[in-house]
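Read the structure below first, then the notes.
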Amino acid sequence: MSQPKQRRKFPTIAECTGSAYESIAADLDGTLLLSSSSFPYFMLVAIEAGSLLRGLILLLSVPIIIVSYFFISESFGIQILIFISFAGLKVRDIELASRAVLPRFYAADVRSDSFEVFDKCKRKVVVTANPTIMVEPFVKDFLGGDQVLGTEIEVDLRTKKATGFVKKPGVLVGKRKRLAIVKEFGEEAVPDLGIGDRETDHDFMAICKVRSRSLTNHP
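In structure tokens:
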């Protein structure tokens with residue numbers, strides 16, 4: 060019952076554009092990017108690092124992913140998305156697709172208002188539920204980010220292939236984002252600014268000195 064009140068406390072990103080901050084922790088989908096859905100980017104990886112067949116299987120799995128995401132948990136829905144997209148793929152193929160293909164699509168989807176604030180900060184950290192391997196090249200090379208705190212995929216050390224599962228603590232959503240931020244910055248040196256777009260971002264935004272919400276389709 061307290062969630063609507065909590066959402067109203069966060070100013071929009073437009074109210075932060077005139078200021079410069081020492082450090083920032085920012086979500087990716089729906090915050091630094093216009094689109095709040097990462098599905099198209101998973102589809103690109105599934106096809107480029109895998110095959111058209113894998114892409115078709117992922118497309119046919121959309122109803123299962125949506126039901127899992129909205130009616131079970133965000134974390135579970137994303138885990139299914141990762142499993143179908145990555146299971147059995149060679150890590151080097153995922154890395155190649157993430158470095159050579161994804162950045163130009165991500166770049167076309169950047170939010171100008173959020174990026175303006177992000178770019179002014181000295182220490183820039185992106186915290187996201189997306190696999191680190193998938194977004195790190197774009198964040199560091201194109202957005203100028205210093206660090207990516209994302210979901211870490213599990214890799215079979217013998218075959219160098221993704222298992223489709225993720226390493227502990229799991230998909231980085233909700234409280235896991237907050238814990239990742241605390242681990243990165245320390246208990247005392249919290250980020251000056253935290254920006255996100257959805258309810259599950261509130262956990263990490265709440266520990267930042269200033270919190271801001273990007274305007275998306277989320278309530």
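Our numbering applies: residue 60 is where the sequence shown begins, and numbers increase by one.
All C-beta atoms in this analysis are idealised placements derived from N, C-alpha and C, irrespective of residue type, glycine included.
Remember, it's a predicted structure, so these values are computed and weren't measured experimentally.
Item                                                                                                                    : Value
Strand pairing of K220, partner residues [DSSP]                                                                         : K149, D215
Close-in-space but distant-in-sequence residues of the same chain around P70 (CB under 6 angstroms, 5 per side omitted) : S271
Stretch-stretch touch, CB-based, cutoff 8 angstroms, three pairs: the stretch 97 to 104 with the stretch 112 to 121     : yes
Same chain only: Cβ atoms within 7 angstroms of M60, ignoring 5 sequence neighbours per side                            : Confidence is the limiting factor: at M60 the pLDDT is only 38, short of 50, which leaves the residue's position unreliable, though a coordinate-based value still follows. There are no such residues.
Nearest candidate by alpha-carbon position, reference P250, set E258, T259, F263                                        : F263
Test item: CB-CB of G209 and T191 under 7 angstroms                                                                     : yes
Spatial neighbours of I123 in its chain, beta-carbon cut-off 7 angstroms, leaving aside the 5 residues before and after : I139
Where the alpha helix (DSSP H) containing S171 begins and where it ends                                                 : 171 to 179
I153 classed as buried or exposed, judged by whether at least 16 other C-beta atoms fall within 10 angstroms            : buried
First and last residue of the uninterrupted alpha helix (DSSP H) at G114                                                : 111 to 119
P122 - DSSP class collapsed to helix/strand/coil                                                                        : helix
P162: first and last residue of the uninterrupted alpha helix (DSSP H) it sits in                                       : 161 to 166
Extent of the continuous beta strand (DSSP E) to which R257 belongs                                                     : That residue, R257, is in no beta strand (DSSP E); it is neither H nor E in DSSP.
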